[in-house]
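Going line by line, the protein sequences match chains A and B.
Each residue of the first sequence is one higher than the one before, starting from 5 at the first, in the numbering used here.
Each residue of the second sequence is one higher than the one before, starting from 5 at the first, in the numbering used here.
Worksheet for the structure shown next.
There are 2 protein chains.
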Amino acid sequence: MKKNILVTGAAGFIGSAVASKLIELNYNVYTIDNLSTGFIEKIPNNVKFIKGNTYDKNILQNFSKVNFYAILHIAGQSSGEISFENPVYDLKSNTESTLNLLQFCKNNGCNKFIFASTMSVYGDSKKDYVEENDNLNPKSFYSIGKIASEQYMKIYSQFGINSIALRLFNVYGPGQNMTNMKQGMASIFLSQALNDNSIIVKGSLERYRDFVYIDDVVSSFVLALDSNIKGFDFFNVCSKSMTKVSDILKIISQEFPNKIEISQEKGTPGDIFGIVGCNKKILKNLNWKPTYSFNEGMIRMINSLL
Amino acid sequence: MKKNILVTGAAGFIGSAVASKLIELNYNVYTIDNLSTGFIEKIPNNVKFIKGNTYDKNILQNFSKVNFYAILHIAGQSSGEISFENPVYDLKSNTESTLNLLQFCKNNGCNKFIFASTMSVYGDSKKDYVEENDNLNPKSFYSIGKIASEQYMKIYSQFGINSIALRLFNVYGPGQNMTNMKQGMASIFLSQALNDNSIIVKGSLERYRDFVYIDDVVSSFVLALDSNIKGFDFFNVCSKSMTKVSDILKIISQEFPNKIEISQEKGTPGDIFGIVGCNKKILKNLNWKPTYSFNEGMIRMINSLL
């Protein structure tokens with residue numbers, strides 16, 4: 005018999021890709037999505053969809069008779085910058101939702117919970133590679149709420165719910181929302197280039213990120229799902245490679261058929277200069293490693309758009 | 005002209021005592037309280053009271069024309085143990101409320117915010133005295149929500165709202181709720197002794213706490229209110245003295261007119277063994293120190309009850 009899995013946020017970039025892979029792996033996939041930033045067209049075929057908010061207790065009553073093997077909580081407001089526009093909504097969608105879903109797990113005998121956390125729990129770091137046990141230094145409402153969610157997971161592990169937080173670094177790739185100009189360094193630059201063959205960079209070309217390709221992110225969720233980890237654990241999902249803004253511009257310029265004009269403006273307030281993660285822990289415990297270099301991934305993404 | 009101050013939770017033990025002192029100091033005091041655990045009779049005379057939840061945006065509209073000098077946020081579910089009964093309510097009353105009030109400060113030009121935080125942000129500690137920059141290790145929904153609130157205050161300090169979190173240790177004294185048998189080690193023992201001259205201790209007599217008398221807690225709020233601290237800061241409010249369960253029993257036995265029978269049962273799950281705080285930082289920065297020894301405070305509390 006097929007196992008049932010709830011993937012929240014399957015109308016979004018990451019949730020959609022994870023749900024699609026789980027359908028392929030022969031799971032029975034359910035989703036809740038409020039379509040606030042996702043698109044109904046992105047929900048993969050055969051996924052059972054209920055429109056609603058993951059922080060709404062009533063919405064979960066729809067599943068009171070479903071025996072879930074696992075919940076993968078991927079829904080939620082997903083940008084540090086945007087969390088400043090409506091902090092209460094961010095708290096509800098990223099934190100109250102986690103509590104609601106964990107309580108559902110406890111009441112309904114689901115003992116596996118996997119959570120899309122974020123590199124932004126670390127804030128700025130002076131280290132070459134941030135490691136999982138480094139100090140947390142949240143700089144946005146978004147990252148505060150993700151930390152609280154991880155702490156909730158630790159508490160619920162006492163009740164037998166085994167949980168894993170995947171601290172995702174800069175996720176990019178085909179399927180990313182190309183209309184959101186506030187999130188995704190690669191997608192923002194690509195949107196601009198597609199629009200009028202020009203890119204305006206806000207801030208230094210020396211800023212850098214640790215990019216991780218969507219297919220590799222999907223595999224981290226699948227490995228977390230298959231793991232036998234007991235209690236609560238948390239992992240960086242990252243490439244351990246520094247990619248500078250100038251590197252991104254270079255590959256876009258190389259791959260685009262037309263010449264791309266590049267100009268610079270001053271930076272966005274609160275933007276971090278750079279962060280790169282260490283991925284030793286996830287390699288050791290989940291046997292995960294990134295399989296796409298940034299150049300390979302970007303070429304795939306650009307080809308999907310041109 | 006009198007300055008306006010909003011003290012949330014003035015129907016509760018600490019909020020009531022703080023509001024009473026501020027009335028005495030000639031402030032114009034307003035309060036919001038949902039009376040879920042507080043008592044309307046405890047709200048001091050001359051305090052303007054609105055019944056409602058501090059996490060309710062609409063409730064704050066009542067104050068849209070009041071020019072507040074400061075907000076002292078003391079309302080909220082106040083027990084780690086009880087937070088396990090309704091984690092979502094705990095999140096709303098302790099965390100969403102803080103966000104709602106800070107947003108109100110930002111929108112209404114109030115630039116002083118003082119928050120009743122808790123020693124339980126530290127969890128268990130192997131140190132003799134926990135200090136403010138020690139690791140946080142929350143063990144309850146309650147403490148997770150208090151940490152998130154402190155982190156919100158740090159973010160709002162970027163918008164010019166100066167804020168202080170007072171991490172209260174074991175507060176006790178006259179006015180404490182004597183009917184709540186899940187909160188307050190001193191008050192629980194006293195309630196039992198008053199009821200039938202017997203005390204059942206759940207757990208070891210060697211367990212210990214750092215007790216701080218209600219009048220000293222009130223003075224910490226007044227000093228925080230009067231301080232010129234800019235940005236965000238946080239302080240332990242504690243005695244730096246270890247009081248064992250056996251010490252509490254001893255003073256109750258000495259002061260009660262009848263003989264008190266003492267018996268032991270096994271401990272409550274999740275109860276910490278002991279914690280004592282360092283109070284150097286608050287002495288240095290706010291010139292606060294405790295003025296009541298535990299014995300003095302307990303004698304006053306017992307005399308108020310007999």
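Glycine residues also receive a C-beta, built at the ideal position from the N, C-alpha and C atoms.
In the DSSP assignment, what are the bridge partners of residue i?
i              : result
K6 (chain B)   : Beta-bridge pairing links K6 (chain B) to no other residue.
I203 (chain B) : B:I266
Y217 (chain A) : A:Y176
A120 (chain B) : B:L170
V125 (chain A) : Beta-bridge pairing links V125 (chain A) to no other residue.
I36 (chain A)  : A:I54
D237 (chain B) : B:I168
G313 (chain B) : Lying outside 5 to 310, the shown extent of chain B, residue 313 (chain B) is not represented and no answer is given.
T247 (chain A) : A:R213
G281 (chain B) : B:V134
Closer than 7 Å, CB to CB, is residue i near chain A or not?
i              : result
P142 (chain B) : yes
V134 (chain B) : no
Q155 (chain B) : yes
Should residue i be labelled buried (16 or more other beta-carbon atoms within 10 Å of its own) or exposed?
i              : result
P261 (chain A) : exposed
Q258 (chain B) : exposed
T247 (chain B) : buried
F239 (chain B) : buried
G188 (chain B) : buried
S267 (chain B) : exposed
N307 (chain B) : exposed
E28 (chain B)  : exposed
M302 (chain B) : buried
Q180 (chain B) : buried
I47 (chain A)  : buried
F298 (chain B) : buried
L310 (chain A) : exposed
E154 (chain A) : buried
E100 (chain A) : buried
Q196 (chain B) : buried
S202 (chain A) : exposed
T41 (chain B)  : buried
F17 (chain B)  : buried
N104 (chain A) : buried
Q162 (chain B) : exposed
D132 (chain A) : exposed
Does residue i come within less than 7 Å of chain B when only Cβ atoms are used?
i              : result
A152 (chain A) : yes
I148 (chain A) : yes
L95 (chain A)  : yes
L103 (chain A) : yes
P91 (chain A)  : yes
E100 (chain A) : yes
Tell me the start and end of each unbroken alpha helix (DSSP H) in the stretch 42–93 of chain A that is at least 4 residues and wholly inside, in chain order. 61–64, 84–87
Those runs of the alpha helix (DSSP H) which lie wholly inside the stretch 130–188 of chain A and span at least 4 residues: 145–161
Counting pairs of beta carbons, one from the stretch 71–80 of chain A and one from the stretch 12–19 of chain A, are three or more of them closer than 8 Å? yes
I want to know whether the stretch 145–164 of chain A touches the stretch 122–133 of chain A - three or more CB-CB distances under 8 Å. yes
Interface residues of the stretch 107–138 of chain A facing chain E [CB-CB below 8 Å]: Here chain E cannot be found, since the structure's protein chains are A and B.
Quick check: the stretch 21–36 of chain B against the stretch 48–59 of chain B, are at least 3 beta-carbon pairs closer than 8 Å? yes
For the stretch 95–108 of chain B and the stretch 127–144 of chain B, state whether three or more C-beta atom pairs, one from each stretch, are separated by less than 8 Å. no
Cβ contact check for the stretch 57–69 of chain B and the stretch 29–42 of chain B: 3 or more pairs under 8 Å: yes
How about the stretch 248–257 of chain A and the stretch 154–172 of chain A: do they share at least three Cβ pairs that are nearer than 8 Å? no
Between the stretch 271–290 of chain B and the stretch 228–244 of chain B, can you find at least three pairs of beta-carbon atoms closer than 8 Å? yes
Cβ contact (3+ pairs, closer than 8 Å) linking the stretch 189–201 of chain A and the stretch 85–93 of chain A: They do not touch, by the three-pair rule.
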